[in-house]
Amino acid sequence: MELLPNVTMNHYLLVSVILFVIGVAGILFRRNAIIMFMCVELMLNAVNITLVAFSKVWGQSDAQVFVFFIMVVAAAEVAVGLAILMMLYRNMHTTSTDVLDKLKW
Amino acid sequence: MDPILLYKIILCVVVFAVSLGIAAYMTWGERKLAAILQDRVGPNRAGPFGLLQPIADGIKMFMKEEMIPGASNRFLFILAPCFFMLTACMTGVVIPWGGGITIDGVTYPMQITDINIGLLYLLGVVSIGVYGIMIGGWASNNKYSLMGALRASSQMISYEVAMGLALIALVMMTGTLSLGEIARQQDEGLAYVVYQPLGFLIFIICAFAETNRAPFDLPESESELVGGYHTEYSSMKLGFFLFAEYINMFISSAVMATLYFGGYNFPFQHELGLEGNTLSIIQTVVLFAKILIFIFIFMWVRWTLPRFRYDQLMNLGWKVLLPLALANIFFTGIGMYLFGKLG
Amino acid sequence: MEKLVSLIPVFPLVGFLYIIFLGKGLSKNTIGAIGSGAIFLAFITSILVFTTQLHGANPTIVKVIDWITTPKFDIDISFIVDPLSTIYLLFITGVGFLIHVYSIGYMHEDEGFNRFIAYLNLFVFFMLILVLGDSYAMMFVGWEGVGVCSFMLIGFWYKDMANNDAAKKAFIINRIGDLGLILGMCMIFFHTGTLRYDDLFISESAASGLHGWDLHLAAIFLFIGAMGKSAQIPLHTWLPDAMAGPTPVSALIHAATMVTAGIYMVARSSAIFSASDVASDVVMWAGILTAILGATIALTQNDIKKVLAYSTVSQLGLMFTALGMGAYSIAVFHVITHAFFKALLFLGSGSVIHAMGGEQDIRRMGGLKSHLPITHITFLIGTIAISGIPPLAGFFSKDQIIAVAFEENMIMFVLASVVSALTAFYMFRLYFLTFRGSFRGTHEQEHHLHESPKVMTIPLIVLAVLSIFGGFMGFPHAVGHAMHVPHWLDHFLENTVEMEVLDMSVGTESILMILATVIALISMYIAYTKYMKNGELALEDDEITSSTHQTLASKYYIDELYEKIIRRPVDAIAQFARNVVEPKIIDELVKQVSLIPSGLGSVAKAAQNGKLVMYVLAMIAGLIILLSTLI
Amino acid sequence: MLTEYAFWFLSFVAIFSALAMIFSKNPVYSVLSLILTFFAIAGHYFLLNAQFLAAVHIIVYAGAIMVLFLYVIMMLNLNRLEEDKKSTWMKFLSVAAGGLLLFVLLAVVKRTDEITITAQAANSDCGLVENLGKVLYNDYLLPFELASILFLGAMVGAVYLSKKELA
């Protein structure tokens, strides 16, 4: 299971897990929608690392295709998400999720 | 030491040095050309024909007082020009500067690295080049600078799309992303500009926009934004910004020459009876001649055409070049379906 | 050629869809042309299909697509082509076409013209499905379809509440009949495992699963269905009310085609009915009672369409009498001739109403002969035909029913003769009061009187010709045998329906024929003396003194009876349900139940506090739980 | 050897700059840190022989997505974000949740030691453009087309959302 000399699959999983948890922690600690958004991107990328590593393990391209699609979705998400944030800021003059809770129930 | 590694290091240094040298003398060329177009004399004091002028300018830049605005973000303020310069210099590594050089019976390609995703590398480096401008403009804490930075970022992102799509049509024909391979293909066949005239047109327009040259120099338009993103810069940091722009111009000329005009190849090169290193050296000279022609076009356009308005710029990018590039892909596909793959 | 049959229903369906969905901007003439053109194409196709059956019965099943497929049984959408269905095809599309053409003129000023033509097309479509379907299931589709169309057309002028009531009445009474039909179908299916005619009747094996009281019950249930559709006692009350619809509807649906669906069904099931003597007796008695009831009520009616409606009830009764006596082909014969002259009479009455500006009361008419010459002639032909005066169509079919009755059952013979006499009387009463004498309407109406346009009179003429010569398709057996004129219809149908072979000498039959003619002529003469010579008029409602007359004029108080014994109790139950069950029990229950989700919701609502962090925490908690199963 | 060091270096950069991203008060620093993380991740891709993906990663994430973030932050001028005070209870809960998740994930990763994946006959070329393209356009053609439709929808949505008249 060595992907590189002295580097195993688990090493990559470890890096990925740490990055993922950092992303989760960012979402929990920060209130700013933009930063939270970036944390989501980080989490997606953490997953991407594992996918690419698995692709290497199995010697197949399919996982990389998945990464490709994740990127597509992320890009689309950012385009729409940032547009929404811009509108929110224009109307509410804030991007803090503590204030943006009008749509509950 | 591994001779290949040694060779690569030497080549790196040479390419870097040549890029800087050419960029330096481009400033001289630009002034001279502007003078000619405006019926002036241009620089003529430092050395014959003012040839020493770039050196004098360099010395002046280093000697000037370095000013950093108090309200700026110091770290980013310094980081920005360095980053911009770095990205400008990084692009040179994938360009094939000539045929192989044979030393001690071993042939070395005149290309720092021929990675198989060379074109994507180019696009990637170009796309991160915008950070230098954005960070610099924002860190200055000056509204003109910020305005220039925002203009630069949206302009570069917009034109990158059309540029990438123009390249896709080319890639469809070449079947490879390696610039070395593309240059070699044009040795065997015609230059790709013959098959991709529209793609080339789109590419050169986008190249103008990506290098922030007139008529797309809105990020730094003096008459509107004082100096754009580098309003607050002085001394060599300003020099870096200006210098990087010339390097960018040089590299994009090289890319255009390589992708569309046969790279280092020239017509009837194999009929001359030249061999080995002689041929390679002539090829390199030919490539530089092509690059100089493009640089001349860059300058010619700058001193001829007025600047676009911002909405015109965006309309051109999204409503003209993007559909044209898409149509180009479509027709290229049809052409390839009808006449088969080239090369 | 038989394959063409699947095209026949398509024409009216396409016509219907086209008019409903694309007919908005088209002119009325175009709509009319599309509507009647569709039927005409169906008629042409029907003739082509009919020719395949001319030389010996040649039943064919044409499968279109699967409908219901189960491991146990399949029902296809497929059509049966045999003499019975093709002869129905002919007069449905033929008479239907004429009535469509007539409608173009009759309904021309109506704002719902498009809707009317579209409904007529849809009706023809369903009628064709009913007749062509190769199983009871398919027939049921058509059966319900024509019911719906009948409902829509009776209530066509829906702005008038009375019309809506009549439509509802027709629909509801038909539902009662349909229930009988469904039960009958269920019984058949339960005992034989199939609803397909060819399994049931042609191969015989399946039908043998049905015997004894099962058979009787199944047949009686089927007959209840027929009662509803064909307006037999006690489900006849809807038909006279259905005259609320436009007159072409009365002609097409409530005289010529839909009401004969019951006859079709019984004739189609002739194997079942002839095997069940009980059911046959029920059919016979119900038929003759209906015939007498209808004929007697018709004597006193003053609405031109009501007279014809009760006449239809009475004629249908006669047909069922024939069916009950096992004379299936003769019943079908009478259906056909009846379709001709009853359609003619209705269309003629429509022409009269059209001329009178909507007036339907014969006491306000009279002397229309000179104003409406074509209508008058054709109406007179229809009257003679229905009265059974030779050599017009009605004589042959009715005479054969009476002849069969003479063979089978003397009571039936007497009663049928009475009906025949009454028929001649009330029809001539109608004729004299309407067309002879002097005009009794208002001056304005007299000024307005005019012959109908050609588009209406031509169908009248065609139908009149058919009424004159239509009878020759079934020339009396014995006399025909002697004169070498074959009974074509019997011959045609002999392999399809059970046959009653009349064993009668030429003499007997001739005497019966003469007797019937004489009875009709006497009735006619009585009517003549009463209404022409003596110039008697029908009594106004408040002048009626005789209790018999009153009873007849009030239709034996049957509607009132139903009102008392059925509607009142049902109303009372409904009131109880509305006032007690609904608010006190059901509403309360629902309210109580609704408290549960709203209570749960108020708990869950707290979780939706709008704080993103809480949501993320919940998500992570779920993730942790999910992942901990992997450890 | 070199690749091993490269792995450790890149991992360190990625994690360090990710932490910097969530802890820096200035959102511009956050963005720049995240860009650094992405570069490190792209480096990982290079190490894993997925050059195409690495290049696309740079172009898409660094070249487009993060530029948009930076653009928005600059345009809205969010130099200092107002972070409201959170209750200690909430902080504790967040830390607990994050820590627990890390713990669980690490435990799961630990478990994978026991699961032996027999490495396939290593096809180190699977990250090349040609092979990736073959898989993408043969096996995943429909998702690919759907992704393009998704993009189009996102584009239209973004343009519509940022129209001035809506504000």
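Protein chains in written order, with this note's numbering: chain H, 2 to 106; chain Z, 14 to 356; chain C, 557 to 1187; chain P, 4 to 170.
For every residue, glycine included, the Cβ atom is placed at its ideal position computed from N, Cα and C.
Quick caveat, the model's predicted, so the values are computed rather than measured.
Which of helix, strand or coil DSSP assigns to residue i
| i | result |
| --- | --- |
| Thr616/C | strand |
| Gly46/P | helix |
| Tyr1087/C | helix |
| Met663/C | coil |
| Tyr205/Z | coil |
| Trp316/Z | coil |
| Gly111/Z | strand |
| Gly689/C | strand |
| Phe629/C | coil |
| Pro122/Z | strand |
| Arg1192/C | Any question about residue 1192/C goes unanswered here, given that chain C covers just 557 to 1187. |
| Val159/P | helix |
| Asn80/P | coil |
| Gly356/Z | Reliability of the predicted coordinates at Gly356/Z is poor, the pLDDT of 45 falling under 50, and no value is obtained from them. |
| Ser634/C | strand |
| Trp623/C | strand |
| Ser825/C | coil |
Sequence-distant residues of its chain with Cβ nearer than 8 Å to residue i (five each side left out)
| i | result |
| --- | --- |
| Ile617/C | Ser634, Phe635, Ile636, Val637, Asp690, Asp754 |
| Ala899/C | Val651, Leu654, Ile655, Ala807, Leu808, Ala811, Ala812, Leu1019 |
| Met840/C | Phe876, Thr877, Leu879, Gly880, Met881, Asn965, Met968 |
Contacts that residue i makes with chain P (C-beta to C-beta distance below 9 Å)
| i | result |
| --- | --- |
| Ala93/Z | In chain order: nothing, as chain P lies at least about 11 Å away. |
| Ile1187/C | Val107, Ala110, Val111, Lys113, Arg114 |
Inter-residue Cα distance where the pair is residue i and residue j
| i | j | result |
| --- | --- | --- |
| Val960/C | Met881/C | 8 Å |
| Leu272/Z | Met1175/C | 51 Å |
| Met93/H | Ala80/H | 20 Å |
| Gly118/Z | Gly289/Z | 11 Å |
| Ser140/Z | Val1169/C | 35 Å |
| Leu81/P | Leu73/P | 10 Å |
| Ala817/C | Lys785/C | 7 Å |
| Asn278/Z | Tyr259/Z | 24 Å |
| Lys1140/C | Leu773/C | 42 Å |
| Leu163/Z | Asp324/Z | 14 Å |
| Phe311/Z | Phe216/Z | 13 Å |
| Leu89/H | Thr95/H | 7 Å |
| Phe70/H | Val697/C | 52 Å |
Residues that residue i contacts on chain P, provided the C-beta gap is smaller than 8 Å
| i | result |
| --- | --- |
| Ala1177/C | Ala100 |
Cβ shell of residue i (< 6 Å), same chain only, five flanking positions each side left out
| i | result |
| --- | --- |
| Gln609/C | Pro639, Thr642 |
| Ile17/Z | none |
| Leu678/C | Phe572, Cys705 |
Within chain H, the residues that residue i reaches when beta carbons sit closer than 9 Å
| i | result |
| --- | --- |
| Val63/P | Met72, Val73, Ala75, Ala76 |
Neighbour list for residue i in chain H, Cβ cutoff strictly below 8 Å
| i | result |
| --- | --- |
| Val1172/C | Val25, Ile28, Leu29 |
Cβ distance (whole Å) where residue i is taken to contact residue j below 8 Å
| i | j | result |
| --- | --- | --- |
| Val863/C | Ala823/C | About 27 Å separates the two Cβ atoms, so there is no contact after all. |
| Leu924/C | Phe991/C | 5 Å |
| Ser265/Z | Ala220/Z | 4 Å |
| His664/C | Lys584/C | 6 Å |
Contact set for residue i: own chain, Cβ-Cβ below 7 Å, skip 5 residues either direction
| i | result |
| --- | --- |
| Ile23/H | Leu43 |
| Val838/C | Ile776, Phe779 |
| Phe995/C | Gly922, Gly923, Glu1002 |
| Ala48/Z | Val54, Gly55 |
Within chain C, partners of residue i - CB distance below 7 Å
| i | result |
| --- | --- |
| Thr51/H | Neighbours of Thr51/H on chain C: none; closest Cβ ~14 Å, over 7 Å. |
| Thr98/H | Leu1168 |
Cross-chain neighbours of residue i in chain H, by beta carbon under 7 Å
| i | result |
| --- | --- |
| Val1169/C | Leu29 |
| Gly66/P | Here the premise fails: no neighbours, minimum Cβ distance about 11 Å. |
Proximal residues of chain P, C-beta to C-beta of residue i below 7 Å
| i | result |
| --- | --- |
| Leu14/H | Val112, Thr115 |
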